[in-house]
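Let me begin by presenting the structure, written as C-alpha cells, before commenting on it.
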Amino acid sequence: GPKVLQIPSHQIIDMGQMVTLNCDPVSNHLYFYWYKQILGQQMEFLVNFYNGKVMEKSKLFKDQFSVERPDGSYFTLKIQPTALEDSAVYFCASSLEGTSQNTLYFGAGTRLSVL
Amino acid sequence: AQSVTQPDARVTVSEGASLQLRCKYSYSGTPYLFWYVQYPRQGLQLLLKYYSGDPVVQGVNGFEAEFIKSNSSFHLRKASVHWSDSAVYFCAVSGSNYQLIWGSGTKLIIKP
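Order-wise, the sequence lines are chains A and B.
For what it's worth, the numbering used here labels the leading residue of the first sequence as 1, then goes sequentially.
For what it's worth, the numbering used here labels the leading residue of the second sequence as 116, then goes sequentially.
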C-alpha cells in the first residue's frame with residue numbers, strides 16, 4: 001500500500017540545537033500531519049498542514065516548532081531550539097482529503113533524543 | 116474531556132485462539148472511530164474505521180470491531196489469531212476537526 005517515509009529513524013542531539021525531521025508523504029496526498037508520542041504515553045496531535053499553511057495546531061506545537069513543505073518535497077518539522085521535553089517519537093502522516101473519517105497513512109516514526 | 120482508553124497495555128493469546136482488544140472512548144459529539152496497527156519498524160496502518168451504519172465493521176486480515184454507543188466502546192475482535200498478528204494496536208477517535216485522539220495502545224503477543 002501507500003508508504004510514508006521518515007528520515008532518520010533515530011536522531012540524537014544536544015539541548016538547544018536545531019533539528020529537522022523529514023517526512024516523505026504519499027505522492028498524491030494533500031494533507032500532512034505530525035503527531036508526538038512520549039515514551040509510555042498516548043500519541044498526541046501536533047499540527048496539520050494543507051496548501052502551504054498550518055490548518056490546526058495543538059498546545060504542544062510550541063513557538064519553537066515550525067513546519068513546511070518547500071516545493072512539494074519533504075514535509076518537515078523543525079524544532080529550534082530543542083528542549084529536553086522534546087524527546088519523543090514523532091510520527092508523520094498524510095491523507096488525500098482532510099475530512100475526519102479520512103484514512104491517514106503513517107510513517108514509522110523518528111525517535112528524537114535530546115540530551 | 117475527549118479521550119480514548121485502552122485498558123490493557125499487553126495481551127497474550129495463543130495462536131488460533133480468539134481475541135478481543137478493548138477500547139472505550141469519551142467524546143461529546145458523533146465520533147469517527149478507528150483501529151490502527153503498528154508492526155515492528157513500520158508505520159501505523161489502518162485496520163478498520165466506523166462512522167455510521169452497521170455497528171459491526173469488517174477490517175483487513177479478519178479483524179472486526181463493534182460500535183456500542185450505550186457503552187461508549189469500540190472493541191476489536193478476531194476469531195482466530197495468527198503469529199503474524201503480533202503488533203501494537205491503537206484505537207482512535209476523531210470528530211469534526213482533523214485531530215485524532217489516541218489510546219495508549221495494546222501490545223498483542225501471540226504464543227505458539
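Note that CB positions come from ideal geometry on N, CA and C, so glycine has one too.
Legend entry - At least three beta-carbon pairs within less than 8 Å, the segment 127-143 of chain B to the segment 31-43 of chain A: no
Legend entry - Pairwise C-alpha distance: Ser185(B) and Ile7(A): 43 Å
Inset, instruction - Would you kindly report the start and end of the unbroken beta strand (DSSP E) that includes Cys138(B)? - result: Taken as a continuous stretch (DSSP letters only), Cys138(B) belongs to no beta strand (DSSP E), as it is neither H nor E.
Legend entry - Close Cβ partners of Thr127(B) (< 7 Å) along its chain, the five nearest in sequence each way excluded: Ile224 and Lys226
Legend entry - DSSP state of Asp71(A) mapped onto helix, strand, coil: Shown here, Asp71(A) sits in a helix according to DSSP, grouped into three states.
Legend entry - Inter-stretch contact (C-beta, 8 Å, three-pair minimum) for the segment 39-58 of chain A and the segment 214-221 of chain B: yes
Inset, instruction - For Thr20(A), count neighbouring C-beta atoms within 10 Å of its own C-beta (all shown protein chains included) and say buried if the count is 16 or more, exposed if not. - result: For Thr20(A), the number of other beta carbons within 10 angstroms of its own is below 16, and it is reported as exposed.
Inset, instruction - Note the first and the last residue of the continuous beta strand (DSSP E) segment covering Phe182(B). - result: Glu179 to Ile183
Legend entry - Rounded straight-line distance, which links the Cα of Gln17(A) to that of Thr145(B): Approximately 42 Å between the Cα atoms of the pair.
Inset, instruction - Sort Gly131(B), Trp150(B) and Gly158(B) by Cα distance to Leu215(B) and report the nearest one. - result: Of the residues Gly131(B), Trp150(B) and Gly158(B), the one whose Cα lies closest to the Cα of Leu215(B) is Trp150(B).
Legend entry - When Ser209(B), Glu179(B) and Phe205(B) are compared against Val196(B), the one with the closest alpha-carbon: Glu179(B)
Inset, instruction - On the DSSP bridge assignment, give the partners of Ile38(A) in chain order. - result: Beta-bridge pairing links Ile38(A) to no other residue.
Inset, instruction - Name, in chain order, the residues that DSSP records as bridge partners for Trp217(B). - result: Ala207(B)
Inset, instruction - Select from Lys62(A), Tyr31(A) and Asn51(A) the residue whose C-alpha is nearest the C-alpha of Glu97(A). - result: Tyr31(A)
Inset, instruction - Look at the Cβ atom of Val114(A), then the Cβ atom of Ser87(A), and state whether they are nearer than 8 Å. - result: Yes, the Cβ-Cβ distance between Val114(A) and Ser87(A) is below 8 Å.
Legend entry - CB contact check: Gly174(B) to chain A, cutoff 8 Å: no
Legend entry - Where Asp24(A) sits in the DSSP three-state scheme: strand
Legend entry - For Val19(A): DSSP bridge partner residues: Ile79(A)
Inset, instruction - For Trp150(B), decide whether its Cβ has a neighbour in chain A, counting only Cβ atoms nearer than 8 Å. - result: no
Inset, instruction - State the Cα-Cα distance for the pair Gly174(B) and Gln160(B), rounded to the nearest angstrom. - result: Rounded to whole angstroms, Gly174(B) and Gln160(B) show a C-alpha spacing of 11 Å.
Inset, instruction - Over the uninterrupted beta strand (DSSP E) stretch that includes Phe49(A), give me the two end residues. - result: Segment Met43 to Tyr50, the beta strand (DSSP E) holding Phe49(A).
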